[in-house]
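As structure tokens, the structure follows; a few thoughts come after it.
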Amino acid sequence: MSSISKPNSPVTVSISSHPHGKVATITLSNPTRLNSLSAYLLEELKASVITLAQTPNLRCVVITGGPLPNRDIFSAGIDISEAKAWPDAKAARDAITRLHLACKSLREIHVPVIARVNGHALGGGLGVAASADLRIASSDSLFGMPEVQRGVPSTIEAALLPRQIGAARARRMLLLGDLIPAEQAESWGLVDRVVDRKDLDGAVEEWVQLILRNGADALRAQKRLMAVWEQVPLREAIDAGVWEFGKAFEGQGMEAEGRRMMNEFGSQSKGRKSRL
5 MSSISKPNSP
15 VTVSISSHPH
25 GKVATITLSN
35 PTRLNSLSAY
45 LLEELKASVI
55 TLAQTPNLRC
65 VVITGGPLPN
75 RDIFSAGIDI
85 SEAKAWPDAK
95 AARDAITRLH
105 LACKSLREIH
115 VPVIARVNGH
125 ALGGGLGVAA
135 SADLRIASSD
145 SLFGMPEVQR
155 GVPSTIEAAL
165 LPRQIGAARA
175 RRMLLLGDLI
185 PAEQAESWGL
195 VDRVVDRKDL
205 DGAVEEWVQL
215 ILRNGADALR
225 AQKRLMAVWE
235 QVPLREAIDA
245 GVWEFGKAFE
255 GQGMEAEGRR
265 MMNEFGSQSK
275 GRKSRL
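If you count the sequence shown from 1, you need to add 4 to reach the working numbering.
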């Protein structure tokens with residue numbers, strides 16, 4: 005296990021090596037403020053993700069909240085102690101842009117990101133979780149966008165919610181500002197899996213191992229495609245997929261990941277009775 009964190013940083017990054025590549029774990033730590041997203045924490049988060057993107061053989065990133073004295077919380081969102089001191093509209097826009105850029109770095113990194121939601125994910129904290137590709141939550145977690153209760157709208161990555169849970173459910177969360185339990189978040193599609201707190205690490209590790217066995221180039225292509233699909237008409241999305249599929253077979257012999265893994269699968273299946 006290695007680390008790329010600065011001393012005393014509110015964002016710690018540990019990297020573990022596996023036979024098929026490296027897995028990074030990002031921990032958000034602001035224990036006196038419920039892991040809220042201070043300006044410094046957000047700058048460190050963005051810088052950490054940018055550094056991770058240059059890490060050779062990186063295959064997966066897990067992001068989670070650091071331990072607190074009495075309970076675990078993923079993140080309570082923007083640090084209110086800072087927000088109430090913003091002097092003008094420019095300061096507020098600069099601050100919310102800082103949060104957006106941190107979320108954007110998670111969405112754009114070339115490997116799958118799993119949010120290990122180990123407690124409440126509120127406001128900007130939910131925005132960070134929503135920016136991950138996959139979300140696993142402990143059963144005692146709560147989710148909400150309570151910004152309207154603080155006199156401001158939910159913005160930036162809150163725009164992901166209508167796509168993730170549907171427009172009607174997003175309106176409920178954004179206009180009422182109320183909190184929903186983990187089981188309801190799972191039924192809405194806001195999180196992908198809910199487990200007991202004691203099983204959270206095991207559930208995350210199970211998905212990490214599934215990612216590690218997949219083709220590294222194929223996963224990068226899949227992330228690129230999903231980003232394209234969010235922005236272009238269906239015809240363009242299909243054309244982009246055709247192009248990426250062909251790229252899997254570029255190169256000579258077994259240096260092409262698609263050809264190599266197809267052959268490996270064929271060899272493993274040879275002599276087995278088909279289940280289809």
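All C-beta atoms, glycine included, are put in the ideal place defined by N, C-alpha and C. What you are looking at is a predicted structure, and each value in this text was computed from that prediction instead of being measured.
Task: Per DSSP, the bridge partner or partners of residue 125 - done: 79, 147
Task: Short Cβ contact (9 Å threshold) for residue 129 with residue 39 - done: yes
TODO: Compute the distance between the beta-carbons of residue 70 and residue 31, then report whether it is under 9 Å.
DONE: yes
Task: residue 20 (DSSP reduced to helix, strand or coil) - done: strand
Task: Three-state secondary structure (DSSP) of residue 13 - done: coil
Task: With 16 other Cβ atoms within 10 Å as the buried cut-off, status of residue 147 - done: With 16 or more other Cβ atoms within 10 Å, it is buried.
Open item on the list: Could you check whether residue 33 and residue 14 sit closer than 9 Å to each other, using their CB atoms as the reference points?
Closed with: yes
Task: residue 178 versus residue 117: straight-line alpha-carbon distance, rounded - done: 25 Å
- [ ] Could you work out which residue in 198, 23, 52, 42 is closest to residue 16 when comparing CA atoms only?
- [x] If we check each option's Cα against that of residue 16, 52 comes out closest.
Open item on the list: Would you say the beta carbon of residue 46 is closer than 8 Å to some non-hydrogen atom of the ligand ZN?
Closed with: This structure does not include the ligand ZN; it has no bound ligands of any sort.
Open item on the list: DSSP has residue 117 in a bridge; who is on the other side?
Closed with: Bridge pairing for residue 117: 65 [DSSP].
Task: Cβ pair residue 125, residue 168 closer than 9 Å - done: no
- [ ] Could you give the DSSP three-state label for residue 7: helix, strand or coil?
- [x] strand
- [ ] Could you have a look at residue 3 and say whether DSSP puts it in helix, strand or coil?
- [x] What the structure shows of the chain is the stretch from 5 to 280, and residue 3 is not part of that stretch, so it cannot be assessed.
Task: Same chain, Cβ closer than 7 Å to residue 263, neighbours up to 5 away in sequence not counted - done: 253
Task: Between the CA atoms of residue 7 and residue 42 - distance to the nearest angstrom - done: 22 Å
Open item on the list: If you follow the alpha helix (DSSP H) that residue 255 is in, where does it begin and where does it stop?
Closed with: Note, residue 255: premise wrong, no alpha helix (DSSP H); not H, not E.
Task: Cutoff 7 Å; reference residue 136; Cβ partners in own chain excluding five residues on either side - done: 67, 110, 117, 118, 119
Open item on the list: For residue 255 and residue 219, what's the separation of their Cα atoms in angstroms?
Closed with: 15 Å
Task: residue 229 and residue 248 closer than 9 Å at C-beta - done: In this structure, the beta-carbon distance from residue 229 to residue 248 falls below 9 Å.
Open item on the list: Suppose the cutoff is 6 Å on Cβ atoms and the five residues either side in sequence are ignored; what does the same chain contact list for residue 153 look like?
Closed with: 181
- [ ] Pull up the distance between the alpha-carbon of residue 150 and that of residue 57, whole angstroms please.
- [x] 32 Å
TODO: Tell me residue 31's beta-bridge partners as DSSP assigns them.
DONE: Residue 31 has 16, 68 as its beta-bridge partners, per DSSP.
- [ ] Quick one: give me the first and last residue of the alpha helix (DSSP H) that residue 224 is part of.
- [x] 220-233
TODO: In angstroms with no decimal places, state the Cα-to-Cα distance between residue 223 and residue 251.
DONE: 13 Å
Open item on the list: Which of the three DSSP states is assigned to residue 88 in this structure?
Closed with: Correct three-state label for residue 88: coil.
Open item on the list: Per the DSSP calculation, residue 287 is bridged to which residue(s)?
Closed with: What is shown of the chain runs 5 to 280, which leaves residue 287 out entirely.
- [ ] Enumerate in chain order the residues of its own chain whose CB-to-CB distance from residue 194 is below 7 Å, with the five nearest sequence positions on each side excluded.
- [x] Taking C-beta separations shorter than 7 Å and ignoring five residues to either side along the sequence, the partners of residue 194 in its chain run 147, 168, 169, following chain order.
Open item on the list: Just to confirm before moving on: does the CB-CB distance between residue 106 and residue 46 stay below 9 Å?
Closed with: yes
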